[in-house]
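Engineer:
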Ligand SMILES: [Zn+2]
Ligand SMILES: [Zn+2]
């Protein structure tokens, strides 16, 4: 895979990742439904040290359904959410797939918090489901 790059909607925040993602998960928790305007968020999981970010970010801190204190980072100009990070796992950075310049290599490995998904959600039966929080991704 080539280097992955991405940005917010207005372009004030840009990033590039110099390694492959660890995994990608679609999250249907209620917080993600707010962030993604109704749908799941598609979360590409990276080792934090692999992602180089430029531009100013705002940080919204909240407690997730998992009980983890989360930092959700967004562009203060256009409001697009790009990253999230659990306070207990600073070595893992989650990138929202919609901000990638090229999503063709993104493949969803798991659907999480499916118990919170609305009745109209399409949950691909070929992808593993987790009703709530699955185990944390391991960084090799
Ligand atoms: Zn922006
Ligand atoms: Zn979520």
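Numbering (the working numbering), first residue to last: 29 to 168.
All residues carry an ideal CB built from backbone N, CA and C; glycine is no exception.
1. For residue 119, tell me which candidate among 50, 42 and 39 has the shortest Cα-Cα distance.
2. Given residue 90, which residues of its chain have a CB within under 8 Å of its CB, disregarding the five upstream and five downstream residues?
3. So if DSSP puts residue 53 in a beta bridge, which residue, or which two residues, is it bridged to?
4. What residue range does the beta strand (DSSP E) around residue 151 cover?
5. Round the Cβ separation of residue 52 and residue 135 to the nearest angstrom and send it over; I've been treating them as touching at under 8 Å.
6. Have a look at 94, 121, 109 and 102 and flag the residue whose alpha-carbon is nearest the alpha-carbon of residue 160.
7. Under 8 Å between the Cβ atoms of residue 112 and residue 57?
8. Beta-carbon within less than 7 Å of residue 105's beta-carbon, same chain only, minus the 5 sequence neighbours each way: which residues are those?
9. Measuring from the CB of residue 52, is there a heavy atom of ligand 2 at a distance below 7 Å?
10. What residue range does the beta strand (DSSP E) around residue 109 cover?
11. Should residue 72 and residue 123 be called a contact, given that it needs their Cβ atoms to be closer than 8 Å?
12. Check whether the Cβ of residue 142 sits closer than 7 Å to any heavy atom of ligand 2, and report yes or no.
13. What is the rounded straight-line gap between the Cα of residue 162 and the Cα of residue 151?
14. Going by the C-beta, is residue 103 closer than 7 Å to any heavy atom of ligand 2?
Structural biologist: In terms of the structure at hand:
1. Minimum Cα distance to residue 119 is reached at 50.
2. The beta carbon of residue 90 lies closer than 8 Å to those of 59, 97, 98 and 100 in the same chain, with the five residues before and after it left out.
3. 71 and 138
4. No beta strand (DSSP E) holds residue 151; DSSP gives it neither H nor E.
5. 6 Å
6. Relative to residue 160, the option among 94, 121, 109 and 102 whose CA is nearest is 94.
7. no
8. 38 and 40
9. Flag unset: Cβ of residue 52 not near ligand 2.
10. 109 to 114
11. It is a contact, given that the beta carbons lie within the stated cut-off.
12. no
13. 16 Å
14. no
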